[in-house]
Amino acid sequence: DMAEKGGYDHFMLKEIHEEPSAVRDTLTEWDEVLGVVEEIGEVERICFVACGTSYHASLVGKYLFEGLLGIPTDVILASEFRYSAGALNDRTLAIFISQSGETADTLNALRAANSRAKTLAIVNVLGSSATREAQHVLYTRAGPEIGVAATKTYVSQLTVIYMLVAAMGAPELMDRLGRVPEFMERALKDEDGIRELAATCSDVSDFFFIGRGFAYPTALEGALKLKEITYIHGEGYAAGELKHGPLALIDNGVPVVAISPPGPCHDKTLSNVEEVRARGARVIGVGSISDESLRKEADDFIGLDPEVDDVISPLVYIVPLQLLSYHVSVERGLDPDKPKNLAKCVTVE
Ligand code: G6P
């Protein structure tokens, strides 16, 4: 068992440490991505469909396709697809993201979309149902993922989405993607600090994660990881929505993880940090290591490479958040690999 885990205590921790190589291996798919983009031809609209962590990867896709290419993009939860199918037609590309390629809701939506739009599945498991049913397929090269909570497959899904955007009109992304594994490795080196931080917040009942723009999906995914493996209530929120509800729940000592990479949203997020701080929140800042303004506002600070800007941040900023949830889970005496009530693959509707 220990051998299978490569010397790590849990599969989840091993899989987080495999993220740099999962991204590197996925980046070798460039020719496949170019081939699929050529086959697909003209696209006027994108519609992502997915569940869980794959849904959060899809949300990053919306910011990329709309922000970098100006292509209108919908993101639909697979279980809601039949009630709200977006605008499908022969110039719409419907992208189905699934680690397993077997999630029932995602497969049902794929079947329904096949006759109405171009369909592309982005999948980790070779030969899975989604790969047989979609018109086009791209693989993430994460290798098998055993931990129920998705980690290395999430960053691999993001990598394929960024490559797709690069191939469809933003080639400058590729240079920056090439440096992501190195940025991740640097983030992984700070694990001791995160373990210490986890020890100080393992007995709280609520956690908030806030971010704007590209950091918003990271806030949602950070909160999902926490819920899944620690059973602490974690809520991800767009920083600007705080005052429309969650601010009422902020009290002395409530941890608020503020995700604020360098970029156009930075200062706005900082004012949200000031708002929660004024109400007694314990701010855990996640930003550039040279971000003195965030560091000053934060009780705890997780610093990442200053060259990681907001656009590329979803790939790198999630790493310390996964580690944080992992160490809080262990601190609480739980098994992060096997969260109660959850399955790796949900084959029922
Ligand atoms: C389950 C898993 C999650 C995963 C989701 C979607 O809930 O526990 O980790 O994100 O299904 O799975 P898929 O295989 O379609 O990506």
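Per UniProt numbering, the sequence shown runs over residues 242 to 590.
We put the CB at the ideal spot given by N, CA and C, even for glycine.
| Asked | Found |
| --- | --- |
| Counting Cβ pairs, one atom from each stretch, are 3 or more of them under 8 angstroms apart for the stretch 418-428 and the stretch 551-564? | yes |
| What residue range does the alpha helix (DSSP H) around residue 294 cover? | 293-310 |
| Could you tell me which residues DSSP pairs with residue 476 in its beta bridges? | 449 |
| Can you tell me where the alpha helix (DSSP H) with residue 523 in it begins and where it stops? | That residue, residue 523, is in no alpha helix (DSSP H); its beta strand (DSSP E) goes 523-529. |
| Quick check on the burial criterion: 16 or more other C-beta atoms within 10 angstroms. Buried or exposed for residue 232? | This structure cannot settle anything about residue 232, because the visible part of the chain is limited to 242 through 590. |
| Would the beta-carbon of residue 390 be found less than 7 angstroms away from any heavy atom of the ligand G6P? | yes |
| Assign residue 393 to one of three DSSP states: helix, strand, or coil. | helix |
| With DSSP as the reference, label residue 578 as helix, strand or coil. | coil |
| Going by DSSP in three states, residue 379 sits in which element: helix, strand or coil? | strand |
| Going by CA-CA distance only, name the one from 297, 308 and 309 that's closest to residue 317. | 297 |
| Spatial neighbours of residue 278 within its chain, please: CB distance less than 8 angstroms, with the 5 preceding and 5 following residues excluded, ordered by chain position. | 405, 408 and 409 |
| Touching or not, the stretch 413-420 and the stretch 276-291, by the rule of three or more beta carbon pairs under 8 angstroms? | no |
| Quick check: the stretch 317-327 against the stretch 363-374, are there 3 or more CB pairs under 8 angstroms? | no |
| Is the beta carbon of residue 572 closer than 8 angstroms to that of residue 443? | yes |
| Quick check: what's the CA-CA separation for residue 519 versus residue 513? | 10 angstroms |
| Assuming contact is defined by CB atoms lying nearer than 8 angstroms, are residue 268 and residue 400 in contact in what I supplied? | yes |
| Using a Cβ-Cβ cutoff of less than 7 angstroms, which residues in the same chain neighbour residue 295 once the five nearest sequence positions on both sides are dropped? | 338, 339, 340 and 398 |
| So what's residue 334 in DSSP terms, helix, strand or just coil? | strand |
| Does the distance from the C-beta atom of residue 553 to that of residue 526 stay below 8 angstroms? | no |
| Just to confirm, does residue 294 get its C-beta within under 7 angstroms of one of the non-hydrogen atoms of the ligand G6P? | yes |
| Do the stretch 450-457 and the stretch 581-590 meet, that is, are 3 or more Cβ pairs less than 8 angstroms apart? | no |
| Look up residue 315 in the DSSP assignment and give the residues it is bridged to. | 288 |
| Just to confirm, does residue 563 get its C-beta within under 7 angstroms of one of the non-hydrogen atoms of the ligand G6P? | no |
| Just how far apart, CA to CA, sit residue 467 and residue 440? | 14 angstroms |
| Pull up the CB-CB distance for residue 288 and residue 315, whole angstroms please, since I reckon it's below 8 angstroms. | 5 angstroms |
| On the DSSP letters alone, give me the boundaries of the alpha helix (DSSP H) that residue 458 sits inside. | 456-471 |
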